[in-house]
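A.B. asks:
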Amino acid sequence: MGSERESTDVVILGAGPAGLVLGNLLLRSGIDCVVLERAGEEHIRNRARAGFLAAHTVRVLRRHGLDEGLRKRGREHGTCEFRTEDGRFRLDYRRLGRGEPHTVYPQHELVADLLVSYVGAGGRIRFDTEAVEVGGFDGDRPWVTTKAADGGVERWRARYVAACDGRHGAGRRSLPSGVGRRHRHDHKVSWLGLLAEAPPSLDAVGYATHPRGFAGHMARSADVTRYYLQCTRGASVDAWGEEQIWDELELRMRSADYGPLRRGRILQRTLVDLESDVLDPLRYGSLFLVGDAAGLISPTAAKGANLAVLGAELLGTALSDELHRGDPGPLARYSARCLAHIWRAQDFSHWMIGLLHGSPPFQEGMRRSRMRALQTSRTQQDWFAEHYVGV
Ligand code: PHB
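Residues in the sequence shown are numbered from 37 upward in steps of one, following my numbering.
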């Protein structure tokens, strides 16, 4: 069985936003923990993901002193622009709904900040260490077996295991079959995610619907911009050359009418199948699921990292209540509270998929009607703003 590691209070699987926020919170409340991450440090520091933080997420990070980088380098953002077959319109969503903006801060920069703060506070982390199995979680001494890059097998013991290791991670994989329910939905849409070495082309998030498919423009920094192109399922990320990608983006974003895009080198390409996958419940004895491991969400409304931070705060404070105050209540309520937020975000993301995609004739009719309602109804705009920025 390989070597036995020392015991700790909490083993955290995964060094994404969920795992690292949780690690920071536990350390700060004097709870011993270790983070085990399958990938190497360089990889997690550069893994491009969404970059839109909700106002609530910013408040959580601030509350726990984890917002230094974000305060310095994050930029408030409050406008989105829709380009459709009927023209274009803008929503100044910061002045709608609850009147809150997003903060644009690339997720990998947030991860790098969280890592510095965690390690700086004495937090332990092991990279290149893949969790293989979680066991014993029906009792109070769960364990995790890991395999290191050199093949070495180890077993870690804890009082609790927090699986922040994604939808395909060891946390979910270790659940016996028939335990818990998975609510899966394939939205039957795929996006090619592109990171371009180019300044933003508009001062807003851009959502374009076009007979050839959706295209999106999302700010990242002064010289890097995120674009998305709807593509056919199973397409190869390298199917298109760079010129072709820019031509396609300009066509769908209607550059002939609204101005050209600022082109640059394509730094990264990823194919994303839009899927949802929610687990219920999120607690199995001493094993808890957080972030994508709890509920994978489509990237349409950039909710993933926000849900991860929210879940990590709920779990971190609940563990502290249990371990320091002997109050098991918040831990008992973790799953239901977290799921309520997850479903609300799923509902909105699903609505947005219907706003931006639709194949003829029925769904296309629905999509156009949804877009017109958003363009013309103040009530609809307030509802949109509240859910777009909220978690
Ligand atoms: C992103 O930053 O990748 C992003 C932003 C807004 C969205 C979707 C994705 O609606």
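Backbone N, C-alpha and C fix where the C-beta goes; we use that ideal spot for every residue, glycine too.
Only a predicted model underlies this, so the values are computations on that prediction, with no experimental measurement involved.
Measure the alpha-carbon distance for E400 versus R64 and round it to whole angstroms.
C.D. replies: Counting from 1 along the sequence shown, the entry for residue 400 is found at position 364. Counting from 1 along the sequence shown, the entry for residue 64 is found at position 28. Looking at the two C-alpha atoms, the distance is approximately 51 Å.
A.B. asks: Does the Cβ of G87 lie closer than 7 Å to at least one heavy atom of ligand 1?
C.D. replies: If you number the sequence shown from 1, residue 87 lands on position 51. Checking every heavy atom of ligand 1 against the Cβ of G87, one is found closer than 7 Å.
A.B. asks: Kindly confirm or deny that the region 225-232 and the region 299-315 touch, where touching means at least three C-beta pairs closer than 8 Å.
C.D. replies: Contact holds: three or more Cβ-Cβ distances are below 8 Å.
A.B. asks: Closer than 7 Å to a non-hydrogen atom of ligand 1 - does that hold for the CB of V241?
C.D. replies: Translated into positions along the sequence shown, residue 241 becomes position 205. Correct: V241 has its Cβ closer than 7 Å to ligand 1.
A.B. asks: Exposed or buried, G277, counting other C-beta atoms within 10 Å across all chains shown (16 or more means buried)?
C.D. replies: Indexing the sequence shown from 1 puts residue 277 at position 241. Counting Cβ neighbours within 10 Å, G277 comes out exposed, since fewer than 16 surround it.
A.B. asks: DSSP on V94, reduced to helix/strand/coil?
C.D. replies: If you number the sequence shown from 1, residue 94 lands on position 58. The answer is helix: DSSP assigns V94 an H, G or I state.
A.B. asks: Which two residues bound the contiguous beta strand (DSSP E) that contains S226?
C.D. replies: Residue mapping note: residue 226 aligns to position 190 of the sequence shown, counting from 1. That run of the beta strand (DSSP E) goes R217 to E233.
A.B. asks: Any heavy atom of ligand 1 inside 7 Å of the beta-carbon of V244?
C.D. replies: Taking the sequence shown and counting its residues from 1, the one referred to as residue 244 is at position 208. The residue asked about is misnamed: residue 244 is Ala in this sequence, not Val. Because no heavy atom of ligand 1 lies under 7 Å away, the Cβ of A244 does not count as near it: no.
A.B. asks: Please report the Cβ distance between R269 and D309, rounded to the nearest whole angstrom; I am assuming they are in contact, meaning their Cβ atoms lie under 8 Å.
C.D. replies: Translated into positions along the sequence shown, residue 269 becomes position 233. Translated into positions along the sequence shown, residue 309 becomes position 273. Confirmed, Cβ separation roughly 7 Å.
A.B. asks: Going by DSSP, what residues sit across from E166 in a beta bridge?
C.D. replies: Numbered from its first residue, the sequence shown carries residue 166 at position 130. According to DSSP, which records beta bridges pairwise, E166 is partnered with K183.
A.B. asks: With a 10 Å radius around its C-beta and 16 neighbouring C-beta atoms as the bar for buried, classify N82 as buried or exposed.
C.D. replies: Start at 1 with the first residue of the sequence shown, and residue 82 comes out as number 46. Counting Cβ neighbours within 10 Å, N82 comes out exposed, since fewer than 16 surround it.
A.B. asks: Between the beta-carbon of S334 and the beta-carbon of C267, is there less than 8 Å?
C.D. replies: On the sequence shown, position 298 is the one that residue 334 refers to. On the sequence shown, position 231 is the one that residue 267 refers to. Not a contact, by the Cβ cut-off of 8 Å.
A.B. asks: Say the cut is 7 Å; is the CB of A421 nearer than that to a heavy atom of ligand 1?
C.D. replies: Position 385 of the sequence shown holds residue 421. No, ligand 1 has no heavy atom inside 7 Å of this Cβ.
A.B. asks: Comparing the CB of A337 with every heavy atom of ligand 1, is any distance shorter than 7 Å?
C.D. replies: Position 301 of the sequence shown, counted from the start, is the residue given in the question as residue 337. Correct: A337 has its Cβ closer than 7 Å to ligand 1.
A.B. asks: May I ask whether a heavy atom of ligand 1 can be found less than 7 Å away from the beta carbon of M407?
C.D. replies: In the sequence shown, counting from the first residue as 1, residue 407 sits at position 371. No - ligand 1 has no heavy atom lying nearer than 7 Å to the Cβ of M407.
A.B. asks: Beta carbon of L355, beta carbon of L367: below 8 Å?
C.D. replies: What you label residue 355 is simply residue 319 of the sequence shown in a count that begins at 1. What you label residue 367 is simply residue 331 of the sequence shown in a count that begins at 1. In contact: L355 and L367 (Cβ atoms closer than 8 Å).
A.B. asks: Would DSSP call G242 helix, strand or coil?
C.D. replies: The residue you call residue 242 lines up with position 206 of the sequence shown. Strand.
A.B. asks: Would you give the residue range spanned by the beta strand (DSSP E) that L150 belongs to?
C.D. replies: For this step, residue 150 is matched to residue 114 along the sequence shown. It is not in any beta strand (DSSP E) - L150 instead sits in the alpha helix (DSSP H) that spans Q143 to G156.
A.B. asks: Anyone know if the C-beta pair for G76 and D174 falls short of 8 Å?
C.D. replies: Here residue 76 refers to the residue found at position 40 when the sequence shown is read from its first residue. Here residue 174 refers to the residue found at position 138 when the sequence shown is read from its first residue. No, they are not a contact pair.
A.B. asks: Just curious, the beta strand (DSSP E) that L307 is in, first and last residue?
C.D. replies: Counted from its first residue, the sequence shown places residue 307 at position 271. Run containing L307: R301 to D316, per the beta strand (DSSP E) assignment.
A.B. asks: How is H138 classed by DSSP in three states: helix, strand or coil?
C.D. replies: Start at 1 with the first residue of the sequence shown, and residue 138 comes out as number 102. If DSSP states are grouped into helix, strand and coil, H138 belongs with the strands.
A.B. asks: Considering only C-alpha positions, which residue in the set L410, G156, L102 and D383 is nearest to L146?
C.D. replies: For this step, residue 146 is matched to residue 110 along the sequence shown. Closest option to L146, Cα to Cα, is L102.
A.B. asks: Three Cβ pairs or more, each shorter than 8 Å: is that satisfied between the region 319-329 and the region 193-205?
C.D. replies: Yes, the region 319-329 is in contact with the region 193-205.
A.B. asks: How many Å lie between Q416 and L297 at the Cα?
C.D. replies: Within the sequence shown, the letter at position 380 stands for residue 416. Within the sequence shown, the letter at position 261 stands for residue 297. If I take the Cα positions, the gap works out to 30 Å.
A.B. asks: Do the region 131-145 and the region 419-427 meet, that is, are 3 or more Cβ pairs less than 8 Å apart?
C.D. replies: The region 131-145, when compared against the region 419-427, does touch it at the 8 Å Cβ threshold.
A.B. asks: Is I48 helix, strand or coil by DSSP?
C.D. replies: Counting from one through the sequence shown, the residue named residue 48 turns up at place 12. Here I48 sits in strand by DSSP.
A.B. asks: Starting from Y19, trace the alpha helix (DSSP H) in both directions and tell me its first and last residue.
C.D. replies: As shown, the chain starts at 37 and ends at 427. That puts residue 19 outside it, with no answer to give.
A.B. asks: Is the beta carbon of G110 less than 8 Å from the beta carbon of D128?
C.D. replies: As a first step, residue 110 is located in the sequence shown; it is residue number 74 there, counting from the start. As a first step, residue 128 is located in the sequence shown; it is residue number 92 there, counting from the start. Cβ atoms of G110 and D128: not closer than 8 Å.
A.B. asks: Kindly examine ligand 1 and report whether one of its heavy atoms sits closer than 7 Å to the Cβ of R109.
C.D. replies: Against the sequence shown, residue 109 aligns to sequence position 73. No, the beta carbon of R109 sits no closer than 7 Å to any heavy atom of ligand 1.
A.B. asks: Per the contact definition of three or more C-beta pairs closer than 8 Å, is the region 205-215 in contact with the region 170-186?
C.D. replies: Segments in contact, yes.
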